[in-house]
Amino acid sequence: MKRPSVTRYGAMLTVILSAIAALAVLLVYMTREKDDLDTATMQKPAMATQIEYLAESLRLSVEAIAAHPQTLACFEAGNSDACRSQAVNLYALNREATLYFVQEGQSADLLPGFLSGGTRRLVERAARQNSAAAAATFSLAVSQPVVNAQGKRLGFVVLEQGVPQLQILFETLPLPAAGAYAELLQSQATETSVLIRRGNQAIKNTTPATIITLSGTPWKIAVWRNTSATFELVLPYLFFWILLSMVIAVFVMAFTISLRNKVVDNLRIMASLINDMRQHKLRPDYPISLLEFENPMKTVLKIAHVQVGRQKEATSQAKLDHLSQVNNRRSFEEKQAELFKTLKDGWTHSLLILDIDNFKQINDTFGHEAGDQMIVAFGKALKDNLRSSDFIARLGGDEFCVLFPYTPLDRAQELCERLRGKMPEMVELIPGVSHKLAWSGGLSEYSKNDTQENAALSRADAALLEAKRSGRNNTRIKAAA
């Protein structure tokens, strides 16, 4: 099983958001205003509208003729000559039309003029339905009943007009869709015939037809749309989804990478804190950029301060002499090694060894408790009267040492004389018992020519021995060769 990662979660989030975006785009596509190819009932093609307009114009004309007073008069009089005269007058107004007046009960065979079989069936059907009807090939014949004021049907007006521009309209007006195929159909009785074809007939067998009925005519338009047209309709939405998904992917991955980097940085800072804890050195600040890491970091930092504080205290106690509360010999050796390394850079350091005079006599006379008190008092006096930069250590017994870092021998000599002048003369050892505080000292300096770290210590020890031989309570100096 793959372990979880921020990057993998980012990829999953990208997929989820892209799926949501796809659903949103699909919803927009499904709820859009459908005024194009995918529904034939919402908008008819231009060719259908124009053909219906022609049929409507013819219907309005025949209605006007049937309602004309002279037409009504000729039907009421039953005078065929008067009706023929009225028909001639109307023919003069529209020479492209053929007008027939058919009186009620008159046989279609007795109509004036010549009627085609389709027109004759029209008249017979109109008589049965008592309403307007139409039938045509490339001409359109429309009948309208003639009714008097009492509502009695007197006969029919039949107007037949050629539609020569029909083929032009069908062939020139745009198809309902790019790459579509259309047929103009005419239904008569149970038969349906194709009058005109247009477009790519190859798609007829690949897609279902949409049938558009042309009102006022016996015609219908059958349309087969190319499936690529549907793809072209969906393509903008698909492109928008792809673009939106790319934007989502870029945003999410940028955010994920940024978040991952911040997590890594915060973990690195926490790791550095743990490393600093091991080294017992804490920095002033550990900046955290994520809120989720803030509380854990505060907890770890509190633990670190406590642990480092305890460690420093333990380290400090380990470096201090328990009795005198100054540095012990181990601390002295570490400090000496540190200063010895700087000699090659040209720095100068000095060293003073001090020994309490007559310390053995104090122990023998007043006891070890008094001797310990002398050690404590001597260490305190050194701390009170030396510089904060001077390093004080007890080497053992009644022997102490002072390191003067970055101090040449002549300056160290001045400090020794000032120290002797400030040290207390008497020290209370035990209640009621005081003793004179006297000490002998040996002063030397570290030299870059020294091959051993303890070379200066040996010279200072030799100078201390001379001070004791010369009567104690004085300081002797032994410079490097």
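Per our numbering: the sequence shown = residues -1 to 479.
Note that beta-carbon positions come from the ideal geometry of N, C-alpha and C, so glycine has one too.
So, is residue i buried or exposed, given that buried needs 16 or more other C-beta atoms within 10 angstroms?
i: PHE249; result: exposed
i: ILE14; result: exposed
i: SER468; result: exposed
i: GLN359; result: exposed
i: PHE253; result: exposed
i: ASP216; result: It is Pro, not Asp, that sits at residue 216 in the sequence shown. By the 10 Å Cβ count, PRO216 comes out buried.
i: THR208; result: buried
i: GLY377; result: buried
i: PHE237; result: exposed
i: SER322; result: buried
i: VAL192; result: exposed
i: ILE219; result: buried
Between residue i and the rest of its own chain, which residues show a CB-CB distance below 6 Å, the 5 nearest in sequence each way excluded?
i: PHE112; result: With a pLDDT of only 32 at PHE112, under 50, the local geometry of the prediction cannot be trusted, and no value is derived from it.
i: ARG457; result: SER442, LYS476
i: ILE49; result: LEU212
i: LEU242; result: ALA19
i: ASP274; result: LEU280
Taking Cβ positions, are residue i and residue j nearer each other than 8 Å?
i: ALA46; j: LEU212; result: yes
i: ASP459; j: ILE351; result: yes
i: GLU292; j: ILE301; result: no
i: LEU152; j: VAL144; result: yes
i: LEU349; j: ALA454; result: yes
i: LYS476; j: GLY439; result: no
i: LEU393; j: PHE338; result: no
i: PRO422; j: LEU413; result: no
i: GLY177; j: ASN198; result: yes
i: LYS420; j: ASN383; result: yes
i: ALA375; j: VAL425; result: yes
i: ASP396; j: ILE373; result: yes
i: ALA335; j: GLU451; result: yes
i: TYR179; j: ILE194; result: no
i: LEU138; j: LEU56; result: yes
If we cut at 8 Å on Cβ distances, does residue i have a partner in chain D?
i: GLN411; result: This model lacks chain D altogether; it includes just one protein chain.
What does a CB cutoff of less than 8 Å around residue i pick up in its chain, not counting 5 residues either side in sequence?
i: ILE246; result: THR12, LEU15, SER16, ALA19
i: HIS278; result: VAL306, GLN309, LYS310, THR313
i: ALA38; result: Unreliable placement is indicated for ALA38, whose pLDDT of 41 sits below 50; the coordinate value is still reported in the next sentence. For ALA38, where only same-chain residues beyond five positions count, the Cβ hits under 8 Å are PRO174, THR208, ILE209, ILE210, VAL221.
i: THR205; result: TRP222, ARG223, ASN224, THR225
Between residue i and the rest of its own chain, which residues show a CB-CB distance below 7 Å, the 5 nearest in sequence each way excluded?
i: ASN146; result: LEU70, GLU74, LEU152
i: ALA9; result: none
i: ARG470; result: ASP355, ALA436, SER438
Where in the region 146 to 186 do unbroken runs of the alpha helix (DSSP H), each at least 4 residues long, occur, reported from the N-terminal end onward? Runs found: 163 to 170.
Does the region 57 to 65 come into contact with the region 168 to 187, if we say contact requires no fewer than three beta-carbon pairs (one atom in each stretch) closer than 8 Å? no
If you pair each beta-carbon of the region 353 to 373 with each one of the region 405 to 414, do three or more pairs fall below 8 Å? Output reads no: the region 405 to 414 does not touch the region 353 to 373.
In the region 384 to 441, which residue ranges form an unbroken alpha helix (DSSP H) of at least 4 residues, counting only runs that do not cross its ends? 407 to 420
What runs of the alpha helix (DSSP H), each 4 residues or longer, lie entirely inside the region 351 to 384? 357 to 364, 366 to 383
Going residue by residue through the region 297 to 343, where are the continuous alpha helix (DSSP H) segments of at least 4 residues, counting only ones entirely within it? 327 to 338
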